[in-house]
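To convert, take the position in the sequence shown, counting from 1, and add 7; that gives this note's numbering.
Here the structure is laid out as structure tokens; the discussion comes afterwards.
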Amino acid sequence: MNQDSHSDEKIIDVLSLKTVAVIGMSKHSSKAAHYVPKYLIDNGYDVTPVNPTTDKILNRRCYESVTDIDGPVDIIDVFRPSDQISLIIRDCIEKKPQVLWLQEGIHDFESEELARKSGIIVIFNRCMLAEHQRLLT
8 MNQDSHSDEK IIDVLSLKTV AVIGMSKHSS KAAHYVPKYL IDNGYDVTPV NPTTDKILNR
68 RCYESVTDID GPVDIIDVFR PSDQISLIIR DCIEKKPQVL WLQEGIHDFE SEELARKSGI
128 IVIFNRCMLA EHQRLLT
């Protein structure tokens with residue numbers, strides 16, 4: 008699977024944004040959907056979990072939907088299978104983040120196009136942790 012064509016400079020700009028909602032964040036520490044957001048928190052990001060199956064992860068309140076979060080979100084980071092992106096894309100667009108970040112292995116062309124047409128930067132098939140370590144540490 009290819010990844011987006013954003014330059015390293017663009018990814019660095021995106022990584023300078025600090026408010027992140029994580030759709031599909033996990034309470035299980037062995038999963039990337041847990042340790043990637045934990046890494047982001049440890050590196051100064053304000054992370055809000057979105058997971059309808061639990062109340063708290065990493066002592067942070069979980070929300071059922073990204074649209075339930077009060078206030079703006081800079082980045083929506085998604086840990087859901089590619090075939091589920093179409094089910095959440097409308098909520099993502101409604102929240103109006105600057106960036107929709109689809110983690111490694113996640114890609115849904117039609118949903119990405121909807122987000123782009125709404126003025127949202129789309130990053131796909133990249134890991135925020137890996138990109139942060141590669142470009143900023």
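From the three backbone atoms N, C-alpha and C, an ideal C-beta is built for every residue, glycine too.
Residues of its chain near residue i, where Cβ-Cβ distance is below 8 Å and the 5 sequence neighbours each way are ignored
i	result
M8	G112, H114 and N132
Length of the line joining the Cα atoms of residue i and residue j
i	j	result
V73	V57	6 Å
V129	W108	6 Å
A40	M135	11 Å
L142	I48	17 Å
K17	G78	25 Å
Q10	M32	22 Å
K34	S12	32 Å
Residue i in three-state terms, based on DSSP
i	result
L121	helix
D53	strand
Presumed contact (8 Å Cβ cut-off) between residue i and residue j, rounded CB distance
i	j	result
Y70	T55	7 Å
V80	Q110	Contact flag wrong, Cβ pair sits at about 16 Å.
Per DSSP, cross-strand counterpart(s) of residue i
i	result
A28	T55 and I83
I130	W108
I64	R67
Same chain, Cβ closer than 6 Å to residue i, five either side skipped, listed in chain order
i	result
P44	V29, M32 and V54
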